[in-house]
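K.L.:
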Amino acid sequence: MSEVADDISKHSRNLEQNVDSVSHAQGAESITDKQERIARQQDELLEQALNSDQQRQRGDLAKDIKLRSSYVQCVKNAGAVVPALMECNSQEYAYQDARLNAAYKRLLNRWPAEKKDRLKQEERDWIKWRDTLCKSNGALGGGQAEELEDTSCNLNATAQRAEELEKR
Numbered sequence: 002m003s004e005v006a007d008d009i010s011k012h013s014r015n016l017e018q019n020v021d022s023v024s025h026a027q028g029a030e031s032i033t034d035k036q037e038r039i040a041r042q043q044d045e046l047l048e049q050a051l052n053s054d055q056q057r058q059r060g061d062l063a064k065d066i067k068l069r070s071s072y073v074q075c076v077k078n079a080g081a082v083v084p085a086l087m088e089c090n091s092q093e094y095a096y097q098d099a100r101l102n103a104a105y106k107r108l109l110n111r112w113p114a115e116k117k118d119r120l121k122q123e124e125r126d127w128i129k130w131r132d133t134l135c136k137s138n139g140a141l142g143g144g145q146a147e148e149l150e151d152t153s154c155n156l157n158a159t160a161q162r163a164e165e166l167e168k169r
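When the sequence shown is numbered by the working numbering, its final residue is 169 and no position is left out of the sequence of numbers.
1) Please report the straight-line C-alpha distance between Val76 and Arg69, rounded to a whole angstrom.
2) At which residues does the alpha helix (DSSP H) containing Ser153 begin and terminate?
3) With DSSP as the reference, label Arg69 as helix, strand or coil.
4) So what does DSSP say about Pro113, is it helix, strand or coil?
5) Does the Cβ-Cβ distance between Ser137 and Glu147 come in under 8 Å?
6) Using 10 angstroms around the beta-carbon of Val86, count the other beta-carbons present and answer buried if the total reaches 16, otherwise exposed.
7) Going by C-alpha distance, which of Leu134, Arg38, Leu149 and Asp34 is nearest Glu88?
8) Compute the distance between the beta-carbons of Trp127 and Arg162, then report whether it is under 8 Å.
9) In angstroms, rounded to a whole number, what distance separates the CA positions of Ala79 and Asn90?
10) Could you check whether Asn102 and Arg131 sit closer than 8 Å to each other, using their CB atoms as the reference points?
11) With a threshold of 16 other CB atoms inside 10 Å of the CB of Leu109, please say whether the residue is buried or exposed.
12) Does Ala114 pass the burial test, meaning 16 or more other C-beta atoms within 10 Å, or should it be called exposed?
13) Expressed to the nearest angstrom, what Euclidean distance is found between the alpha-carbon atoms of Asp98 and Ile39?
As C-alpha cells, this is what we get:
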C-alpha cells in the first residue's frame with residue numbers, strides 16, 4: 002500500500018478518536034464546531050486519496066478493458082446495491098482469472114526454458130503490482146464502497162493481464 006494511503010488511514014483513525022473525545026467536551030456549540038472541523042478534515046483526506054496517483058492508475062486500468070456482456074447486465078440489474086455489485090465482480094473475476102491462467106499455462110507449454118523463467122518472474126512482479134495497486138487499506142474510508150473499489154480494481158487488472166498474455 003502506498004505511503005499516502007497509510008498516512009491517510011492513520012489520520013482518519015486519529016480523527017475518529019477526536020470525534021469520540023469531542024462528544025465528551027463541554028458546551029454544545031464547541032462540540033458542533035469541533036465535529037464540523039473534523040468532518041472537513043476527513044473530507045480533505047478522502048479528497049487526497051481520490052486524487053492520488055494510485056487512484057489515477059486504477060482509473061486508467063478500466064479505460065480499455067472489455068468485460069463480458071453478462072457482467073454488464075449483472076451490474077445494471079444490481080443497481081446501486083453494493084452486495085449485488087460485489088457478486089457481479091466476483092463472478093466476472095472468476096472468469097477473467099481463469100482466462101489469465103489459461104493464457105499463462107499456454108505460454109509456459111509453448112516457450113523454451115529461458116523464456117518460461119522470465120515469464121514466471123514477470124507474473125510474480127505483476128501480482129505484487131496488482132496487489133499494491135488494488136488494496137486501499139482504509140484510504141477511501143473503509144466499508145463496502147472501498148471493498149467494491151478494490152475488487153473492481155482486481156477485476157480490471159486481471160482482465161487487462163489476461164488480454165496481454167493472450168496476445169503473445
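All C-beta atoms, glycine included, are put in the ideal place defined by N, C-alpha and C. In this text the structure is predicted, and so the values were computed from the model without any measurement.
P.N.:
To lay it out plainly:
1) What you label residue 76 is simply residue 75 of the sequence shown in a count that begins at 1. What you label residue 69 is simply residue 68 of the sequence shown in a count that begins at 1. Roughly 11 Å separates the two Cα atoms.
2) As a first step, residue 153 must be located in the sequence shown, where it is residue number 152. Segment Gly144 to Glu167, the alpha helix (DSSP H) holding Ser153.
3) Counting from 1 along the sequence shown, the entry for residue 69 is found at position 68. Of the three classes helix, strand and coil, the one that applies to Arg69 here is coil, per DSSP.
4) Residue 113 sits at position 112 when you count from the first residue of the sequence shown. In the structure shown, Pro113 sits in coil (DSSP, three-state: anything other than H, G, I, E or B).
5) Translated into positions along the sequence shown, residue 137 becomes position 136. Translated into positions along the sequence shown, residue 147 becomes position 146. Going by C-beta atoms, Ser137 is nearer than 8 Å to Glu147.
6) In the sequence shown, the residue the question calls residue 86 occupies position 85. For the sequence presented, residue 86 should be read as Leu rather than Val. Buried.
7) As a working note, residue 88 is residue 87 in the sequence shown. Measuring from the Cα of Glu88, the nearest candidate turns out to be Leu149.
8) Translated into positions along the sequence shown, residue 127 becomes position 126. Translated into positions along the sequence shown, residue 162 becomes position 161. The answer is yes: Cβ separation under 8 Å.
9) Counting from one through the sequence shown, the residue named residue 79 turns up at place 78. Counting from one through the sequence shown, the residue named residue 90 turns up at place 89. Approximately 11 Å between the Cα atoms of the pair.
10) Numbered from its first residue, the sequence shown carries residue 131 at position 130. Numbered from its first residue, the sequence shown carries residue 102 at position 101. Cβ distance not < 8 Å, so Arg131 and Asn102 don't count as in contact.
11) Working through the sequence shown from its first residue, we reach residue 109 at position 108. Classification of Leu109: exposed, given that the 10 Å Cβ count is below 16.
12) Numbered from its first residue, the sequence shown carries residue 114 at position 113. An exposed status is given to Ala114, since fewer than 16 other beta-carbon atoms sit within 10 Å of its beta-carbon.
13) Within the sequence shown, numbered from 1, the residue matching residue 98 stands at position 97. Within the sequence shown, numbered from 1, the residue matching residue 39 stands at position 38. One C-alpha to the other measures close to 41 Å.
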